[in-house]
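Encoded as structure tokens, the structure appears first; notes follow it.
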Amino acid sequence: MVDTSPVSLSGPHGPKPRKALSRRNIFLYGTLFVITVYYALPLYVMIVTSLKGMPEIRLGNVFSPPVEITFQPWVKAWSEACTGLTCNGLSTGFWNSVQITIPSVILSIIIASVNGYALANWRFKGADVFFTILIFGAFIPYQVMLYPIVIMLREIGLYGSVWGLVLVHTVFGMPILTLLFRNYFTSLPEELFKAARVDGAGFWGIYLRIMVPMSLPIFTVAMILQVTGIWNDFLFGVVYTGPETYPMTVSLNNIVNSTQGVKEYNVNMAATILTGLVPLVIYFVSGRLFVRGIAAGAVKG
Amino acid sequence: MKNSVEIKNLDLQFGPVKVLQDLNLEIGKGEFLVLLGSSGCGKSTLLNCIAGLLDVSAGQIHINDKNVTWDEPSERGIGMVFQSYALYPQMTVEGNLSFGLKNAKLPKAEIAKRVKRAAEILQIEPLLKRKPAALSGGQRQRVAIGRALVRDVDVFLFDEPLSNLDAKLRADLRVEIKRLHQRLENTMIYVTHDQIEAMTLADRIAIMRDGQIMQLGTPDEIYGKPVNKYVADFIGSPSMNFLEGQIKAGNFEVGNLSIPLAGYDFANAAGPVDRAATIGIRPEHVVTGELVENATVKIDVEVNLVEPTGSDTLIDCEVAGRHFRVRMDGQSRVAAGEKLRLGIDPSKSSLFDLETELRL
């Protein structure tokens, strides 16, 4: 046995001591603090303002906390604020957005994942051309296509309806989502695909029973991208829907930018936070699923 | 003997690149054939063609007297084992084994029976409910073999199945694959770049290079009578010593060394013809110590370098101005700078034409 008694140690030993307040730490935490304040301040102002009554806001102390906390602006923003003649607040827009987002997200993810799978694993004739055209589509500015799509939607009778917008979102999500899925499926071990073919599984069998169960992380990523993208969309919403079917972002704009009467800053702030809440919740809930490596154990360990 | 797998005039091209060229191969029923070659020689590609995972450009593939050139992999009557195991990560071992059978819509009782049998043969019964992530490398490869086994097919295809395992496990599983072959008597086609695996497992070895088969023969033939310099260099570790010289009047002459070729088995029955040639001598065929007295050719050298490996000791020296390696017993004690006398038996050497590199 080697002698390991601690008595013989002299000079530096064990973990190196670190100063809590070194010059490096002050710079590091100082910078982080400043940046945090910079980003958190607008949110703070929004929340604080939304909890104040109008008389308090007129005093002009933007940063001061509310003296008298009131939830009236939130209630008003949700159900009473007026846009033009109707006074239903954001609630109508919220349910419209839900009706638009859910089918768009599901449809676009299903179609794009099958696209990506076919492009990654079944090298069909013309696959490269197809892929190039699809990716090229991602670089054409939306404004160029706005009006032609209005005509197309009118011709198929979907203009102004929720389903017209669902169709537009599904199509416009295709290039980036297909690229995302194709790259993920390409990164899965090719031998798994080969093994499944030897085992007699067909196109759909391999997709549903081998590929999809291994792809939870990428489905999560795609879902986050689509939910935030579609929920936050304003341009397509305002162009392709009518007053009855406006999504939440358009309602928000109409409330905030209404020109008659008093500017109700507290209601505007509450309405803005309400609109941003859905993407925020999605980030917090699905963040954990993001990192999980499902393919572990498939190949050499 | 009926042939199990026949490959006729097989061509495979990726664009302008010819990966396999006019390949012909007949594999007998119950034969263990190893496709051996360095990376990029087309051995795995050939296996993928046999499995039906790659479409061929020309030629035919027959399995059990049926032309399967255009058939789906699952219709060919083959089972395949991959290098990376390729187990389905989200399924249990049982699910992995039964996946192919469920796709073939076999009755449940039959599936259970086959899974049980395969698990017994491979001794993986206690693992059936586990996921692949909870298995060791050796266990995973057993499951992968089991997945081929349950298909109850005549032809097994192995694509470098042991390359991802550590040395000890590799040796164990190698023995097990050989035992499996003896028990099942299936045809097995096995791709590897490891010559030890090839020599120990194969009934016949096909050495491949640039999409063509260089030599097809038993391990003894490949080792003892390589058809060209490439095969001679590829097989054997450490590799063969080559000396370039002349054949003159029945002797091989290089520098001031003359090796009589009386005992050499020439491919051409007429015997030696004078020409420029290369002689190949395996390091393990050079004798030292007392054995030198009986050898036909004796050479005095100075030891340049000694590499002890435990079981053997490798000696680096110079013969006729050329780098030359000798394999000695592990017990022998030699030091660099010492004088050593080597003995060579010409009948165990190989002669190649200097130009064509073909065996003489």
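Chains as they are written, first to last, in this note's numbering: chain F, 1 to 301; chain A, 1001 to 1360.
By construction, the Cβ of each residue, glycine as well, lies at the ideal position given by its N, Cα and C atoms.
Values in this document were obtained by computation on a predicted structure and should not be read as measured data.
Considering just the uninterrupted stretch of the alpha helix (DSSP H) at residue i, what are its terminal residues?
i	result
A:G1146	G1137 to L1149
A:T1362	What is shown of chain A runs 1001 to 1360, which leaves residue 1362 of chain A out entirely.
A:R1170	A1167 to L1184
F:H169	V162 to S187
F:E155	Y142 to E155
A:S1350	Element bounds for A:S1350: not the alpha helix (DSSP H) but the beta strand (DSSP E), S1350 to D1353.
A:P1219	P1219 to G1224
A:M1328	Note, A:M1328: premise wrong, no alpha helix (DSSP H); beta strand (DSSP E) at R1322 to D1329.
F:R24	R23 to S50
Along the beta strand (DSSP E) that carries residue i, what are the first and last residues, could you check?
i	result
A:K1008	N1003 to F1014
A:P1260	L1257 to P1260
A:M1199	Per DSSP, A:M1199 belongs to no beta strand (DSSP E); it is in the alpha helix (DSSP H), Q1195 to L1201.
F:D128	Where F:D128 is concerned, there is no enclosing beta strand (DSSP E), although the alpha helix (DSSP H) it sits in stretches over A127 to G137.
A:N1304	No beta strand (DSSP E) holds A:N1304; DSSP gives it neither H nor E.
A:Q1367	Residue 1367 of chain A falls outside the range modelled here, since chain A spans only 1001 to 1360, and no answer is possible.
F:I111	No beta strand (DSSP E) holds F:I111; the alpha helix (DSSP H) holding it covers S91 to N121.
F:G229	Looking at the DSSP string, F:G229 is not in any beta strand (DSSP E); the run it does join, the alpha helix (DSSP H), is L216 to N232.
A:D1159	V1155 to D1159
Between residue i and residue j, which are expected to be in contact by the criterion C-beta below 8 angstroms, what is the C-beta distance as a whole number of angstroms?
i	j	result
A:V1287	A:G1343	4 angstroms
A:L1020	A:A1206	About 12 angstroms separates the two Cβ atoms, so there is no contact after all.
A:L1061	A:L1010	Leu is not the amino acid found at residue 1061 of chain A; the sequence shown has Ile there. Yes, A:I1061 and A:L1010 are in contact; Cβ-Cβ is about 7 angstroms, under 8 angstroms.
A:A1104	A:I1078	No, A:A1104 and A:I1078 are not in contact; Cβ-Cβ is about 13 angstroms, not under 8 angstroms.
A:L1106	A:Q1141	Not really, about 25 angstroms apart at Cβ, beyond 8 angstroms.
A:G1211	A:K1018	6 angstroms
F:S108	F:H169	7 angstroms
A:R1359	A:K1168	No, A:R1359 and A:K1168 are not in contact; Cβ-Cβ is about 37 angstroms, not under 8 angstroms.
F:F185	F:G276	With a Cβ gap of about 33 angstroms, F:F185 and F:G276 do not count as contacting.
F:A112	F:F193	Not a contact, Cβ separation roughly 19 angstroms.
A:L1373	A:K1043	This structure gives no information on residue 1373 of chain A, because the portion of chain A shown stretches from 1001 to 1360.
A:L1243	A:A1320	6 angstroms
A:S1004	A:T1187	4 angstroms
A:P1272	A:L1261	6 angstroms
A:S1163	A:Q1083	5 angstroms
By Cβ distance, which residues of its chain are closer than 7 angstroms to residue i, with the 5 residues on each side in sequence left out?
i	result
A:R1209	G1037, C1041 and Y1230
A:V1222	Reading off the sequence shown, one finds Ile at residue 1222 of chain A, where the question assumed Val. These residues qualify, in order along the chain: I1205, I1207, Q1215, V1231 and I1235.
F:E134	Looking at the sequence shown, residue 134 of chain F is not Glu but Leu. Within the same chain, F:L134 has close Cβ partners M174, P175 and T178.
A:V1119	Val is not the amino acid found at residue 1119 of chain A; the sequence shown has Ala there. Cβ neighbours of A:A1119 beyond the five flanking positions: E1125, L1128 and G1146.
A:K1248	D1274
F:T49	I57, Y265, N266 and M269
F:A295	Note that F:A295 scores 39 on pLDDT, short of 50, meaning its location in the model is unreliable; the coordinates nonetheless yield the value given after this. Result list for F:A295: L188 and M214, in chain order.
Counting only the same chain and skipping the five closest in sequence on each side, list residues whose C-beta sits under 8 angstroms from that of residue i.
i	result
F:G293	In this prediction, F:G293 scores a pLDDT of 38, lower than 50, which makes its location untrustworthy; the coordinate-derived value is nonetheless stated afterwards. Excluding residues within five positions, the ones whose Cβ falls inside 8 angstroms are P217.
A:I1145	V1081, L1122, P1161, I1177 and L1180
A:A1086	A1144
A:E1302	C1317, E1318, G1337, E1338, K1339 and L1340
A:G1059	I1007, K1008, N1009, L1010, D1011, D1022, L1023 and T1069
F:S8	none
A:A1335	V1303 and V1306
F:E56	P66, V67 and E68
A:Y1088	G1095, N1096, F1099 and P1132
F:S286	T220, M223 and I224
Considering only residues of the same chain and omitting the five flanking positions on each side of residue i, which have a CB-CB separation below 6 angstroms?
i	result
A:S1332	T1313
A:I1213	A1206
A:P1283	P1238, R1325, V1326 and R1327
F:S164	According to the sequence displayed, residue 164 of chain F carries Gly and not Ser. So the list reads L153, L158 and Y240, once near-sequence residues are dropped.
A:L1351	A1277, I1279 and L1360
F:S104	V166, H169, T170 and I230
F:V278	W231
A:I1189	L1033 and L1157
Give me the subset of the stretch 1081 to 1092 of chain A whose CB atoms are less than 8 angstroms from a CB atom of chain D, sorted by chain position. Note that chain D does not occur in the displayed structure, where the protein chains are F and A.
Contact between the stretch 1096 to 1115 of chain A and the stretch 1155 to 1171 of chain A (3+ Cβ pairs under 8 angstroms): Because the criterion of three Cβ pairs below 8 angstroms is not met, the stretch 1096 to 1115 of chain A and the stretch 1155 to 1171 of chain A do not touch.
Give a yes or no on contact between the stretch 225 to 234 of chain F and the stretch 148 to 162 of chain F, applying the rule of three or more CB pairs nearer than 8 angstroms. no
Mind the definition here: the stretch 243 to 260 of chain F touches the stretch 88 to 100 of chain F only if three or more C-beta pairs lie below 8 angstroms; say whether that holds. yes
Using a Cβ-Cβ cutoff of 7 angstroms, what residues of the stretch 199 to 215 of chain F are near chain A? List them in chain order. D199, G200, A201, G205, I210, P213 and M214
With contact counted as at least three CB pairs below 8 angstroms, one residue from each stretch, are the stretch 201 to 217 of chain F and the stretch 73 to 82 of chain F in contact? no
Contact the stretch 1177 to 1191 of chain A vs the stretch 1085 to 1093 of chain A: 3+ CB pairs below 8 angstroms: The stretch 1177 to 1191 of chain A and the stretch 1085 to 1093 of chain A do not touch, with fewer than 3 CB-CB distances between them shorter than 8 angstroms.
Count the CB pairs spanning the stretch 1277 to 1293 of chain A and the stretch 1338 to 1353 of chain A that are closer than 8 angstroms, and state whether there are at least three. yes
Tell me, please, whether the stretch 12 to 27 of chain F touches the stretch 35 to 42 of chain F by the rule of three or more beta-carbon pairs shorter than 8 angstroms. With fewer than three CB-CB distances shorter than 8 angstroms, the stretch 12 to 27 of chain F does not count as touching the stretch 35 to 42 of chain F.
According to a CB-to-CB cut-off of less than 8 angstroms, which residues of the stretch 65 to 99 of chain F neighbour chain A? none
Got a sec: which bits of the stretch 1045 to 1067 of chain A sit with their beta carbon under 7 angstroms from any beta carbon on chain F, in order along the chain? So the list reads A1051 and L1053, given in the order they occur along the chain.
Short-range partners of chain F found in the stretch 1148 to 1167 of chain A, where Cβ spacing is below 7 angstroms: N1164
Members of the stretch 1008 to 1025 of chain A near chain F, C-beta cut-off 7 angstroms: none
Taking Cβ-Cβ distances below 8 angstroms as the criterion, which residues of the stretch 1102 to 1129 of chain A are in contact with chain F? N1103 and A1104
Given a limit of 7 angstroms on CB to CB distance, which residues of the stretch 174 to 197 of chain F reach chain A? P189, E191, L192, K194, A195 and R197
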